[in-house]
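Here the first sequence stands for residues 1 to 343, where the numbers follow UniProt numbering.
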Amino acid sequence: MEDQARMMSGLVGLSGLSQADVGDHDAVRKQHSLGQPQQDIGDILQQIMAITDESLDEAQARKHALNCHRMKPALFSVLCEIKEKTVLSIRGIQDEDPPDPQIMRLDNMLLAEGVSGPEKGGASAAAAAAAAAAGGSPNDGSIEHSDYRAKLAQIRQIYHSELEKYEQACSEFTNHVMNLLREQSRTRPISPKEIERMVGIIHRKFSSIQMQLKQSTCEAVMILRSRFLDARRKRRNFNKQATEVLNEYFYSHLSNPYPSEEAKEELAKKCAITVSQVSNWFGNKRIRYKKNIGKFQEEANLYAVKTAVDAASVSSQASQANSPATPNSGGYPAPCYTPDGRL
DNA sequence: TTAGATGATTGCCG
DNA sequence: CGGCAATCATCTAA
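See the structure below:
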């Protein structure tokens, strides 16, 4: 009966019940002041429970006494064993997961984009070079290039500072928990193995947070890339001189406006654009000219005259007869190109 | 703000 | 693979 009362009083601190609800306070006090704990486990438990009822100094003294008790290590290991067999064994199984393939994928991508790799790495330079090669005149290209690099550097900086913050928070928290558990292991059955396991759990939690960071960084990089590498979004009209050169070629080869590979290269060099841009231009030009020859008539005449004048000036023979109003009179190919008229 | 111009892309064909 | 046709996305002049 007395034992029961002791146990009940011990529970008071934990359950929040009032002393009046569980029994005679003075009787309990008397038990506490009995001095050295008895050798049976029930007494030790009782004392552990009773700690909550005592003042801090008293509690510390009692805690120390408990720690020094010769039964303590045995009891501790038994309780740890019991705990291990029940809760932790269940948890232990699901904790053993292999390295996440998702996070490896994200890591690889960030490395490839030059975000997580070494500063100013080759990867980012390569990506920027690809951006420059993707389109636009060299001038615009270099502007986009530096803009792209700046944005990428910004993303990289945010990524690294966030990562550092997470790592710091993780290690701080881990230390805190470890200290707490070590401290509590003096009064609770917490084995080093369990502490280790807890650290593992914390690390997993933080790495899942890190994965979110990596994921959002990847997204940001993808958006950046799509914005800068999709040339359609950053289309620049060719400069006047380039258009002039291309038109000259087109109208002076109206009967067969299909420049050879060499001619394309030549034109590309003259216009400071890529060969594929030349191809695009001719493809667009042919289709649009064909669709509406009338609309291009004036332009055709203009370039016919232009070419004629150029040729005439080379032969140092004035061609006064030619004027925009009287086109196709210089012996140059008339705008006779038709869809079927491809020679 | 908007219509037309224009460079790029995509899908298909021979 | 080169070219055509349709279409997209952006630029530009009015």
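C-beta: ideal position from N, C-alpha, C; glycine also.
Computed from a predicted structure; not experimentally measured.
Closer than 6 angstroms by C-beta to MET109: which residues in its own chain qualify, once you throw out the five before and the five after it? Chain order, please.
Sequence-distant partners of MET109 (beyond 5 residues in either direction) whose C-beta falls short of 6 angstroms from its own C-beta, in its chain, are CYS218.
Where in the region 46–72 do unbroken runs of the beta strand (DSSP E), each at least 3 residues long, occur, reported from the N-terminal end onward?
Taking only runs of at least 3 residues, no beta strand (DSSP E) segment lies wholly in the region 46–72.
Specify, as a first and last residue, the run of the alpha helix (DSSP H) that THR243 falls within.
240–252
Contiguous alpha helix (DSSP H) assignments of at least 4 residues, all confined to the region 257–326
Scanning the region 257–326 from its first residue to its last, the whole alpha helix (DSSP H) runs of 4-plus residues come out as 261–271, 275–291 and 293–314.
Do you know offhand how far SER185's Cα is from ALA74's?
14 angstroms
Looking only at its own chain, which residues have a Cβ that is under 6 angstroms from the Cβ of SER252, when we skip the five neighbours before and after it?
THR307
Flag this pair as yes or no: are the beta carbons of LEU246 and LYS291 separated by less than 9 angstroms?
no
Anyone know if the C-beta pair for ILE195 and ARG182 falls short of 9 angstroms?
yes
With LEU213 and TYR249 assumed to form a contact (beta carbons below 8 angstroms), what rounded beta-carbon distance in angstroms separates them?
Not a contact, Cβ separation roughly 53 angstroms.
Anyone know if the C-beta pair for TRP281 and ILE273 falls short of 9 angstroms?
yes
Please state the DSSP three-state secondary structure of PRO189.
DSSP places PRO189 in coil when its eight states are reduced to three.
Cβ neighbour criterion (16 or more within 10 Å) applied to GLY283
exposed
Would you tell me roughly how many angstroms separate the C-alpha atoms of LEU111 and SER279, rounded to the nearest one?
35 angstroms
Short check: CB of VAL275 to CB of GLU298, under 9 angstroms?
It is not a contact, given that the beta carbons lie outside the stated cut-off.
Taking the continuous alpha helix (DSSP H) assigned at ARG235, which residues delimit it?
It is not in any alpha helix (DSSP H) - ARG235 carries neither H nor E in the DSSP assignment.
Find the nearest neighbour of VAL115 within the set TYR258, VAL309, HIS176 and GLU162, judged by alpha-carbon distance.
GLU162
I think PRO192 touches LEU79, with their Cβ atoms under 8 angstroms apart; what is that distance to the nearest whole Å?
Contact flag wrong, Cβ pair sits at about 14 angstroms.
If we count the other Cβ atoms within 10 Å of its Cβ and call it buried at 16 or more, is residue 379 buried or exposed?
There is simply no residue 379 to check, as the chain begins at 1 and stops at 343 in what is shown.
Helix, strand or coil: which one does DSSP assign to SER255?
coil
Are the CB atoms of GLN47 and ARG70 nearer to each other than 9 angstroms?
no
Determine whether the beta carbon atoms of LYS270 and ALA242 lie at a separation below 9 angstroms.
yes
With DSSP as the reference, label SER161 as helix, strand or coil.
helix
Measure the beta-carbon distance from MET198 to LEU106 and round it to whole angstroms, keeping in mind my assumption that it falls under 8 angstroms.
26 angstroms between Cβ atoms; not a contact.
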